[in-house]
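Notes follow once the structure below has been shown.
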Amino acid sequence: MYQSWIDVTKINHQSEQDMWAVDYTAHPLLDPGFTRRPSRLQTLTRLAYRRVLKDDEIYRRELARLFYPLGSAQAEGIGTRELQAMAAEYLVEADIYLASTIELLPHDCRDAVLPLPVVTSCKDVRDLMGLSFYGESERLRYEARRKLYLAQMLLQIDHTRLIQEGPNHRTNFENLLNEGLWKFTKQIHDITIGFHLDPDGDRIRYSTRPEPGDQRWDFRSTFIEKPVGGRTLALDVLYYNCRFKRAVTPISFEVVDGARRVVESVRWGDMRQETSGSILSKMIRKGINNPDEIGDIIGAMFIVNDNEALNDLLGLLDSCIGTPLGWRNVTDTLNEAPAGAELNTFSSKSFKVFKGDVDILCEDGGRPYRYPVEIQIFTLESYLRTVCGAHDASHLALKLRQFLYGLVPRIFPREIYGSDWLTSFI
Numbered sequence: 396m397y398q399s400w401i402d403v404t405k406i407n408h409q410s411e412q413d414m415w416a417v418d419y420t421a422h423p424l425l426d427p428g429f430t431r432r433p434s435r436l437q438t439l440t441r442l443a444y445r446r447v448l449k450d451d452e453i454y455r456r457e458l459a460r461l462f463y464p465l466g467s468a469q470a471e472g473i474g475t476r477e478l479q480a481m482a483a484e485y486l487v488e489a490d491i492y493l494a495s496t497i498e499l500l501p502h503d504c505r506d507a508v509l510p511l512p513v514v515t516s517c518k519d520v521r522d523l524m525g526l527s528f529y530g531e532s533e534r535l536r537y538e539a540r541r542k543l544y545l546a547q548m549l550l551q552i553d554h555t556r557l558i559q560e561g562p563n564h565r566t567n568f569e570n571l572l573n574e575g576l577w578k579f580t581k582q583i584h585d586i587t588i589g590f591h592l593d594p595d596g597d598r599i600r601y602s603t604r605p606e607p608g609d610q611r612w613d614f615r616s617t618f619i620e621k622p623v624g625g626r627t628l629a630l631d632v633l634y635y636n637c638r639f640k641r642a643v644t645p646i647s648f649e650v651v652d653g654a655r656r657v658v659e660s661v662r663w664g665d666m667r668q669e670t671s672g673s674i675l676s677k678m679i680r681k682g683i684n685n686p687d688e689i690g691d692i693i694g695a696m697f698i699v700n701d702n703e704a705l706n707d708l709l710g711l712l713d714s715c716i717g718t719p720l721g722w723r724n725v726t727d728t729l730n731e732a733p734a735g736a737e738l739n740t741f742s743s744k745s746f747k748v749f750k751g752d753v754d755i756l757c758e759d760g761g762r763p764y765r766y767p768v769e770i771q772i773f774t775l776e777s778y779l780r781t782v783c784g785a786h787d788a789s790h791l792a793l794k795l796r797q798f799l800y801g802l803v804p805r806i807f808p809r810e811i812y813g814s815d816w817l818t819s820f821i
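Quick look at the structure:
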């Protein structure tokens, strides 16, 4: 997880708020005190366990409700063993997610939060429900309940329409760009940029002639000329990428051929091919309990030279994907007077970007509907900040802050594991 050339001081999150003071309103089953505090949800869950404990047919029907509409032919005809196997797949996914998350922790911290073997070995919903209420220790009860809840959230993600249609929406968006942007390409050329952090700790110095000691980044630049509104817009797009969040491959910093470079690496690699791990983490971290509320299921990123080029790109995008009225949740920190929505809680004040959600109109069987795409546009200098390990706006440092201060306290709560195991690092 950690590379020696990433400045650890950029990971530390300076806040007066207690990182362990977690609001569990959106995810009550992750609350360590869920079974101790009276609530209607707790009562409902306990009654469900009593029903399935006493009657195998009721257990079969309860499992069937997880996967099929109530009263459907599939729900009535499927057997208990098949349903148990289907549920076990999600329970295993929950185990893999937790194990992969623990691997992101500093090595010396991991043993303290490893799930109990009795929990990881359990692949049955009814047995886990029993452990969550009547396990012999508070930790056992919590870990059983956490596993059930993570599995339920992974199933919920699978059943979300925007995620099911994600690959189709990505294809539709890229078709719009192919027709309205990329077909006006005049030239494609490769550029290597050498860059380093200025002594002031903020500005990035960069050049097309890398010097010894520089970090390097390779771009395949696309030069476009398109007539728009009575004039021709000419623009170099240094980089473009569109990704479906479920299939995203996070970036990592590694030394390649003696040079520091940014490469892609697989996280949650043992989960199914298109993992829900990043979606699940974001839902927990941001207190989201409905996957439809995630605005960046489809995300597109552009890098251009400067602010003037950014304005030209917005004009080009407006000509092919929608109207200015279609933008929502716009954040613009590249202006001298930043405007729009605030940045992520864990973002650096030095993070510079123009981003927002655009609603794309498409059709399904002749009926028009909209899906959101989060578009991020960086200038060259603002992007290089995110891949410079010593800069406060480093993308990796942001991800580590989100993980350590946003996710860890919510799935490894102090009430269960204490806090000393992580204090030495943070």
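For the sequence shown, my numbering begins at 396 and goes up steadily by one.
For glycine and all other residues, C-beta sits at the position ideal for the given N, C-alpha and C.
- A direct Cα-Cα distance of roughly 36 angstroms separates V417 from D595.
- When beta bridges are read from the DSSP output, M696 appears opposite N636, Q771.
- The straight-line gap separating the alpha-carbon atoms of P464 and G690 is approximately 27 angstroms.
- Nearest neighbour of R638 by Cα position, chosen from P423, Q771, I716, K621, turns out to be Q771.
- DSSP lists G589 as the bridge partner or partners of S602.
- In this structure, the alpha-carbon of L775 lies about 34 angstroms from that of Y492.
- Bridge pairing for A546: absent [DSSP].
- Contact between R780 and G751 fails: their C-beta atoms lie close to 20 angstroms from each other, not under 8 angstroms.
- Between the stretch 421-439 and the stretch 505-523, the count of Cβ pairs shorter than 8 angstroms is below three; the stretches do not touch.
- Considering only D413, T617, S495, the residue with the shortest C-alpha distance to A704 is T617.
- DSSP, read as helix, strand or coil, puts D503 in helix.
- A residue is called buried when at least 16 other Cβ atoms come within 10 angstroms of its Cβ; L500 meets this threshold and is buried.
- The beta carbon of Y764 sits closer than 8 angstroms to those of L756, C757, E758, all from its chain and outside the five residues before and after it, given in chain order.
- When the five nearest sequence neighbours on each side are left out, the beta carbons in the same chain lying within less than 8 angstroms of the beta carbon of E569 are those of C637, in order along the chain.
- Rounded to whole angstroms, D490 and E533 show a C-alpha spacing of 19 angstroms.
- In this chain, the alpha helix (DSSP H) harbouring P512 covers 512-515.
- Closest option to F590, judged by alpha-carbon separation, among R600, I583, A507: R600.
- Here L458 is buried, its C-beta having at least 16 other C-beta atoms within 10 Å.
- In the DSSP assignment, H584 forms a beta bridge with S616.
- Remark: C-beta atoms of Q551 and P767 do not approach each other more closely than 8 angstroms.
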